[in-house]
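Below is one structure; the comments refer to it alone.
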Amino acid sequence: FRFCDIHSLRHLHASLLINAGIDVVAVSGDMGHSVVGTTLNLYSHMFQEARIRNCDAITEALNFGT
757 FRFCDIHSLR HLHASLLINA GIDVVAVSGD MGHSVVGTTL NLYSHMFQEA
807 RIRNCDAITE ALNFGT
């Protein structure tokens, strides 16, 4: 079991919120970041899954049920 410090728990908290689809502006405010860009830079790895979901949704929409 790897040791978790408060910063790891903070990162986990924000990561879970973003992964759950919570708006990044809201997460940024919760984290106390003065600019959303800080949150985007720190948690950009979380948005890869969102990009995949977006692509899947567009693909499904363009298939028109075929």
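For the sequence shown, this note's numbering assigns the number 822 to the last residue and increments by one with no breaks. Every residue gets a Cβ at the ideal spot worked out from N, C-alpha and C, and that includes glycine. Values in this document were obtained by computation on a predicted structure and should not be read as measured data.
Taking the straight line between their C-alpha atoms, what separation do you get for E816 and R807?
Here residue 816 is taken as the residue at index 60 of the sequence shown, counted from 1. Here residue 807 is taken as the residue at index 51 of the sequence shown, counted from 1. C-alpha separation (whole angstroms): 14 Å.
Does DSSP put V783 in a helix, in a strand, or in coil?
Taking the sequence shown and counting its residues from 1, the one referred to as residue 783 is at position 27. Helix.
So V781 and V791 are in contact, right, with Cβ under 8 Å, and what is the actual spacing, rounded?
Locating residue 781 in the sequence shown gives position 25, where the first residue counts as 1. Locating residue 791 in the sequence shown gives position 35, where the first residue counts as 1. Going by Cβ atoms, the distance from V781 to V791 rounds to 10 Å, so no, they are not a contact pair.
Judging by CA-CA distance, which residue of A776, L798 and I778 is the nearest neighbour of S764?
To locate residue 764, count along the sequence shown from 1; it is residue 8. The option with the nearest alpha carbon to S764 is L798.
List the endpoints of the continuous alpha helix (DSSP H) containing H767.
Mapped onto the sequence shown, residue 767 falls at position 11. Here the alpha helix (DSSP H) through H767 covers I762 to N775.
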